[in-house]
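Protein chains: 2
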Amino acid sequence: MRASRFFISTLKDAPSDAEIVSHQLMMRAGMIKRLGSGIYTYMPTGLRVIRKVEAIIREEMNKAGAIELLMPLVQPAELWQETGRWEKMGPELMRVKDRHGREFAIQPTSEEVITDVVRGEIKSYRQLPLNFYHIQTKFRDERRPRFGLMRGREFTMKDAYSFDRDLAGMQASYKVMFDAYTAIFTRFGLKFRAVAADNGAIGGTGSHEFHVIASTGEDAIVYCPTSDYAANMEAAEAMPLAAERAGAKQDLVKVATPGTTKCETVAELLKIDLKQTVKSIALTVERELEGKVTKENWLLLLRGDHELNEIKVGKVPGLSNHRFATEDEIREAYGTIPGYLGPIGARQPVRVVADRTVANMTDYVCGANEEGFHLTGANWGRDAAEPEVADLRNVVEGDASPDGKGVLAIERGIEVGHVFQLGTAYSEAMKASFLDENGKPAPLQMGCYGIGVTRILGAAIEQNFDDKGIIWPTSIAPFELVLCPMNYDRSEMVREETDKLYASLVEAGVDVIIDDRGLRPGAMFADWELIGVPYRVVVGERGLKEGNLEYQGRRDTEATAVPVAGMVDFIKGKLAQ
Amino acid sequence: MRASRFFISTLKDAPSDAEIVSHQLMMRAGMIKRLGSGIYTYMPTGLRVIRKVEAIIREEMNKAGAIELLMPLVQPAELWQETGRWEKMGPELMRVKDRHGREFAIQPTSEEVITDVVRGEIKSYRQLPLNFYHIQTKFRDERRPRFGLMRGREFTMKDAYSFDRDLAGMQASYKVMFDAYTAIFTRFGLKFRAVAADNGAIGGTGSHEFHVIASTGEDAIVYCPTSDYAANMEAAEAMPLAAERAGAKQDLVKVATPGTTKCETVAELLKIDLKQTVKSIALTVERELEGKVTKENWLLLLRGDHELNEIKVGKVPGLSNHRFATEDEIREAYGTIPGYLGPIGARQPVRVVADRTVANMTDYVCGANEEGFHLTGANWGRDAAEPEVADLRNVVEGDASPDGKGVLAIERGIEVGHVFQLGTAYSEAMKASFLDENGKPAPLQMGCYGIGVTRILGAAIEQNFDDKGIIWPTSIAPFELVLCPMNYDRSEMVREETDKLYASLVEAGVDVIIDDRGLRPGAMFADWELIGVPYRVVVGERGLKEGNLEYQGRRDTEATAVPVAGMVDFIKGKLAQ
Numbered sequence: 001m002r003a004s005r006f007f008i009s010t011l012k013d014a015p016s017d018a019e020i021v022s023h024q025l026m027m028r029a030g031m032i033k034r035l036g037s038g039i040y041t042y043m044p045t046g047l048r049v050i051r052k053v054e055a056i057i058r059e060e061m062n063k064a065g066a067i068e069l070l071m072p073l074v075q076p077a078e079l080w081q082e083t084g085r086w087e088k089m090g091p092e093l094m095r096v097k098d099r100h101g102r103e104f105a106i107q108p109t110s111e112e113v114i115t116d117v118v119r120g121e122i123k124s125y126r127q128l129p130l131n132f133y134h135i136q137t138k139f140r141d142e143r144r145p146r147f148g149l150m151r152g153r154e155f156t157m158k159d160a161y162s163f164d165r166d167l168a169g170m171q172a173s174y175k176v177m178f179d180a181y182t183a184i185f186t187r188f189g190l191k192f193r194a195v196a197a198d199n200g201a202i203g204g205t206g207s208h209e210f211h212v213i214a215s216t217g218e219d220a221i222v223y224c225p226t227s228d229y230a231a232n233m234e235a236a237e238a239m240p241l242a243a244e245r246a247g248a249k250q251d252l253v254k255v256a257t258p259g260t261t262k263c264e265t266v267a268e269l270l271k272i273d274l275k276q277t278v279k280s281i282a283l284t285v286e287r288e289l290e291g292k293v294t295k296e297n298w299l300l301l302l303r304g305d306h307e308l309n310e311i312k313v314g315k316v317p318g319l320s321n322h323r324f325a326t327e328d329e330i331r332e333a334y335g336t337i338p339g340y341l342g343p344i345g346a347r348q349p350v351r352v353v354a355d356r357t358v359a360n361m362t363d364y365v366c367g368a369n370e371e372g373f374h375l376t377g378a379n380w381g382r383d384a385a386e387p388e389v390a391d392l393r394n395v396v397e398g399d400a401s402p403d404g405k406g407v408l409a410i411e412r413g414i415e416v417g418h419v420f421q422l423g424t425a426y427s428e429a430m431k432a433s434f435l436d437e438n439g440k441p442a443p444l445q446m447g448c449y450g451i452g453v454t455r456i457l458g459a460a461i462e463q464n465f466d467d468k469g470i471i472w473p474t475s476i477a478p479f480e481l482v483l484c485p486m487n488y489d490r491s492e493m494v495r496e497e498t499d500k501l502y503a504s505l506v507e508a509g510v511d512v513i514i515d516d517r518g519l520r521p522g523a524m525f526a527d528w529e530l531i532g533v534p535y536r537v538v539v540g541e542r543g544l545k546e547g548n549l550e551y552q553g554r555r556d557t558e559a560t561a562v563p564v565a566g567m568v569d570f571i572k573g574k575l576a577q
Numbered sequence: 001m002r003a004s005r006f007f008i009s010t011l012k013d014a015p016s017d018a019e020i021v022s023h024q025l026m027m028r029a030g031m032i033k034r035l036g037s038g039i040y041t042y043m044p045t046g047l048r049v050i051r052k053v054e055a056i057i058r059e060e061m062n063k064a065g066a067i068e069l070l071m072p073l074v075q076p077a078e079l080w081q082e083t084g085r086w087e088k089m090g091p092e093l094m095r096v097k098d099r100h101g102r103e104f105a106i107q108p109t110s111e112e113v114i115t116d117v118v119r120g121e122i123k124s125y126r127q128l129p130l131n132f133y134h135i136q137t138k139f140r141d142e143r144r145p146r147f148g149l150m151r152g153r154e155f156t157m158k159d160a161y162s163f164d165r166d167l168a169g170m171q172a173s174y175k176v177m178f179d180a181y182t183a184i185f186t187r188f189g190l191k192f193r194a195v196a197a198d199n200g201a202i203g204g205t206g207s208h209e210f211h212v213i214a215s216t217g218e219d220a221i222v223y224c225p226t227s228d229y230a231a232n233m234e235a236a237e238a239m240p241l242a243a244e245r246a247g248a249k250q251d252l253v254k255v256a257t258p259g260t261t262k263c264e265t266v267a268e269l270l271k272i273d274l275k276q277t278v279k280s281i282a283l284t285v286e287r288e289l290e291g292k293v294t295k296e297n298w299l300l301l302l303r304g305d306h307e308l309n310e311i312k313v314g315k316v317p318g319l320s321n322h323r324f325a326t327e328d329e330i331r332e333a334y335g336t337i338p339g340y341l342g343p344i345g346a347r348q349p350v351r352v353v354a355d356r357t358v359a360n361m362t363d364y365v366c367g368a369n370e371e372g373f374h375l376t377g378a379n380w381g382r383d384a385a386e387p388e389v390a391d392l393r394n395v396v397e398g399d400a401s402p403d404g405k406g407v408l409a410i411e412r413g414i415e416v417g418h419v420f421q422l423g424t425a426y427s428e429a430m431k432a433s434f435l436d437e438n439g440k441p442a443p444l445q446m447g448c449y450g451i452g453v454t455r456i457l458g459a460a461i462e463q464n465f466d467d468k469g470i471i472w473p474t475s476i477a478p479f480e481l482v483l484c485p486m487n488y489d490r491s492e493m494v495r496e497e498t499d500k501l502y503a504s505l506v507e508a509g510v511d512v513i514i515d516d517r518g519l520r521p522g523a524m525f526a527d528w529e530l531i532g533v534p535y536r537v538v539v540g541e542r543g544l545k546e547g548n549l550e551y552q553g554r555r556d557t558e559a560t561a562v563p564v565a566g567m568v569d570f571i572k573g574k575l576a577q
């Protein structure tokens, strides 16, 4: 490729609405252009990266036995109504009516359509397993699109769907996809981590997220450096901080804490460690029984320095359908205002659930269920009935790893892939069944597997940039190498050597661009550093006279002289690394 | 590829709603699956063809200097309002509102978006020329989607847009695209013809359609077998059938023709040649002048056996905004009913426009402007004032070619590509200008160039099929060659030779599939004949014992024995043809 026949358009400054570095750099490098909120044109340089990302995904998916097809973007509402997602998805699902008033969804994902395709095609267990995928434009009408390609509305996704005859088959298909994803992200040249994720209704460990590690990542991911335990914050299991409960040392005392409704301020006032306090969170569960709605009071207890994990709360038996109690409900149940609640002496019956750590605390401080007062020296069994115990909190750095093989660390990640054991949720709703060995119909066991193609670009940049611009991993760089001739138009020697080298590099399979735009060296180098091409070779008269070219890797601080004759092998060596 | 790892699903019968052969065969071959009206899933076999079509387009577009980008599918209404197409496009433009009530179009084409991209990027003539393209899903809410991929609602299109500083530059860009299209359709291996098309408001010869020739084609295309003249029916110029007008021989006579309102029945009644009759078509043009609407009567005259060409009518000065006259208007202007109109003796002033052929007729028969009567022996100048003359009719087979180099032939075609000189229509509406050499702003000269990617599949099949199924041209076939082993599972000899041959073919770059599904020969062959793979090689024990394999091309009536050792070269030879 010659730069004069390509379209390069860089900017000194990023537009003011670009909040994060990947968005800023992609705008400055001319890789994307905003068309509307969360909607971007992929400019030629950006599209080249997307195509390389897609090619790697396609190769590995095919290698893993998945079969590519292409499902439509505009999908009939009827299919979405079969699974109930037409209602459930809310305003994120972009809906459209055709000229006859029929309703359609612009696809955010394709579970319904692939299940419809498969239920028309699969009759027998002999046709299984099957795994179909497509790489297609998606639309999600995000409430607040932001961060460029990281949370856009229109984006490209690879989504795959596996179909198996039984659970074991589905788990085998899942493993194949997990391994394919590992191969894909490895080939991208990105630091990534697969973490166990919450699996919603299905349970088990049937869901993993793939995160690109970046300090700017939206998500906290948890791992154990001395074992292979890894999970996202929603799913990471929090162990009790003390394995057993110690004996009580203090008496229960009511102390005045006027205007002190937070654990932090209570600890300050009482001059105690925050870790000695217990935070109380009141929930209400409404149940309908024979047409009558009854309310249950639930109280969750966390150590003062811990954070509630709402996903875990939803998994406590009886709490799948909870909400936070209103101030009126709190007053009625506990006889006080928020900030002074506790497990001792509520006015109405309350189901108390203590986090595992709280369950093993002694002599703790909690609200007295009386405005302006807390209790110190509180102890389970003696002062309060033994609570129900559950894992309710987010883990923190240094917690014991649930596999018992070390302590947990936390880092930031950007979710770019998700593999998920769906089970029979969609196949049952859509009556997608097959005949098993005994001729009996059974619902298909499904898995689904997504990769955010365009999001990969943002994530790769968040992980790889410096003050000059982007630093693409070679496998997904818009070009692997830029040839920068000095005075290409005026020096015959430079032009000849550049063209010769270019031809040799192309023949060797290197994805190379010649910058023949006639820019001065400073401007030329700045463009390519901003765009993030991994290798640069400068062809200049001075060097040529000594038989040399100047090579510089994008992360190198200075250039290296490389003999003209050896340059192609030198680059092939770099690419083979 | 192994068939056991691919998805093949053929049908004995096509669904009853598949009206044309390409639709029927694609459904039967399992290449597409209907999701909704005019909306199809491209199944794995169909997608392989699409990808090959796209790859050829991409290669030739890049070679021609066009630069690929990717514009969004969901496009803000504001851009479409700038050009007025938001209103003009009518219900074919699929419109959608986001959660904030903002309006968007699902792209049917991207003139507005590319012009918006370019007006933000192009400042100077130095940046020109430029040609951007993308290959993207389109949606057009057709009133009556039909014919499978031929007139679908969701489809894939390649659309390119060129930007130049002046008319000459635009025409040069147009020529480059015209040549690229010729290269593309040649590589597809399809019989095609580029024909001049009507250019709407812009005029000149700045528009060509590319048609795949097929007897089932929707469009009539006109060409001269002895010259390079070719045009579509709308644009083909009709020459007068007589170069000069002969002298009058008959007197004007009013004859009774009760209940005879068609030229055919008048000719029958009067026992004359239909070619001696003239058909009259009454139009009304309404003009608003200073708030007052006035009506003009126009009468178009065609020879009795000729067809009106409405595009040509719209180009007659004064008729850009016409409509057919109502029966009341006809009664008022001509004093009679439709079927008895003529250029002689109307009640009100009428502007008469005669087709070129009619203008040179003598002693013709026309309506008498009196119910139940026609005139015979009518002559221009003597009986009627000399009319305005224009080309108003469709050409017919045997007409003189407008280039004077032979006579015209007509064949049927399927439009699969269109190149179009847009001029400054979009750039002026959207204020997309650049600074010329003198620093003066000038609007960009644009061209646009489309190829219906998915439509190519339908068109290729309409041109290439037999009673067994599809016959793909090699360059766009889902697979180039199918290896059909006999008893692959049971004969070690067959399995070994098949696997060895497969490996050699893959190494030689042949796109080959092994049918290892274990079907009986008849069913196996029928599948691949239906799917339309161009080359088949059967590996069987009997042949192997004589050192032979059986080759059969998809159009061959019988198989040829080819020595095992020579098969790869034999196939390479076929592919090189």
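Line by line, the protein sequences give chains A and B. Take the first sequence: its position 140, counted from the start at 1, is 140 in the UniProt record's numbering, and no numbers get skipped. Take the second sequence: its position 383, counted from the start at 1, is 383 in the UniProt record's numbering, and no numbers get skipped. Glycine residues also receive a C-beta, built at the ideal position from the N, C-alpha and C atoms.
With 16 as the cutoff for other CB atoms within 10 Å, does B:Val253 come out buried or exposed? Around the beta carbon of B:Val253, fewer than 16 other beta carbons lie within 10 angstroms, which makes this residue exposed.
Reference B:Asn369; option with closest CA among B:Gly304, B:Gly381, B:Ala282 and B:Arg555: The shortest Cα separation from B:Asn369 among B:Gly304, B:Gly381, B:Ala282 and B:Arg555 belongs to B:Ala282.
Measure from the C-beta of B:Leu375 to each C-beta in chain A and report whether the shortest distance is under 8 Å. For B:Leu375, the answer is no, since every Cβ of chain A falls outside 8 Å of its Cβ.
Please report how far the alpha carbon of A:Val365 lies from the alpha carbon of A:Arg323, in whole angstroms. 25 Å
Curious, which full-length alpha helix (DSSP H) runs of at least 4 residues does the stretch 435-473 of chain B contain? 453-463
Report the neighbours of B:Leu519 on chain A: residues whose CB is nearer than 7 Å to its CB, in chain order. Residues of chain A passing the Cβ test: none, with the nearest at roughly 13 Å.
With a cut-off of 8 Å, does the C-beta of A:Pro76 fall near any C-beta of chain B? yes
Need the endpoints of the alpha helix (DSSP H) that A:Met157 sits in, please. No alpha helix (DSSP H) holds A:Met157; the beta strand (DSSP E) holding it covers Glu154 to Asp164.
Cβ-based burial, B:Ala565 [other Cβ within 10 Å; buried from 16]: exposed
Pick helix, strand or coil for B:Asn297, following the three-state DSSP scheme. strand
Cα separation between A:Ser320 and A:Glu286? 11 Å
Rounded to a whole number of angstroms, what is the C-alpha to C-alpha distance between B:Gly46 and B:Met239? 45 Å
Is there a Cβ from chain A that is less than 8 Å from the Cβ of B:Val510? no
If you draw a straight line from the alpha carbon of A:Ile32 to that of A:Phe525, how long is it in whole angstroms? 21 Å
In chain order, what are the residue ranges of uninterrupted beta strand (DSSP E) at least 3 long that sit wholly in the stretch 207-254 of chain B? 207-213, 219-223 and 230-232
Given a threshold of 16 other Cβ atoms within 10 Å of its Cβ, counted over all protein chains shown, does A:Pro563 qualify as buried or as exposed? exposed
Taking a Cβ distance cut-off of 8 Å, strictly less, list which residues of the stretch 2-14 of chain B are near chain A, in chain order. Within the stretch 2-14 of chain B, the qualifying residues are Arg5, Phe6, Phe7 and Ser9.
Determine the closest residue to B:Glu19 out of B:Arg2, B:Val533, B:Leu530 and B:Glu462, with distance taken between C-alpha atoms. The candidate whose alpha carbon is nearest that of B:Glu19 is B:Glu462.
Check whether the Cβ atoms of B:Thr115 and B:Tyr426 sit closer than 8 Å, and answer yes or no. yes
Bounding residues of the beta strand (DSSP E) (the contiguous stretch that carries B:Pro534): From DSSP, B:Pro534 is part of no beta strand (DSSP E); its letter is neither H nor E.
Within-8 Å CB hit, A:Leu444 to chain B: no
Whole-angstrom distance between A:Ile135 and A:Val49, CA atom to CA atom: 15 Å
Assigned secondary structure, A:Glu558 (DSSP; H/G/I helix, E/B strand, else coil): coil
Which residues does DSSP list as the beta-bridge partners of B:Tyr40? B:Arg34
Looking only at C-alpha atoms, which of B:Lys440, B:Glu550 and B:Leu505 sits nearest to B:Leu575? B:Leu505
Taking the beta strand (DSSP E) that B:Thr376 falls in, what are its first and last residues? Phe373 to Ala378
Chain-order list of residues whose beta-carbon lies under 6 Å from that of A:Gly339 (same chain, five-residue window excluded): Taken in chain order, the residues that qualify are Thr261.
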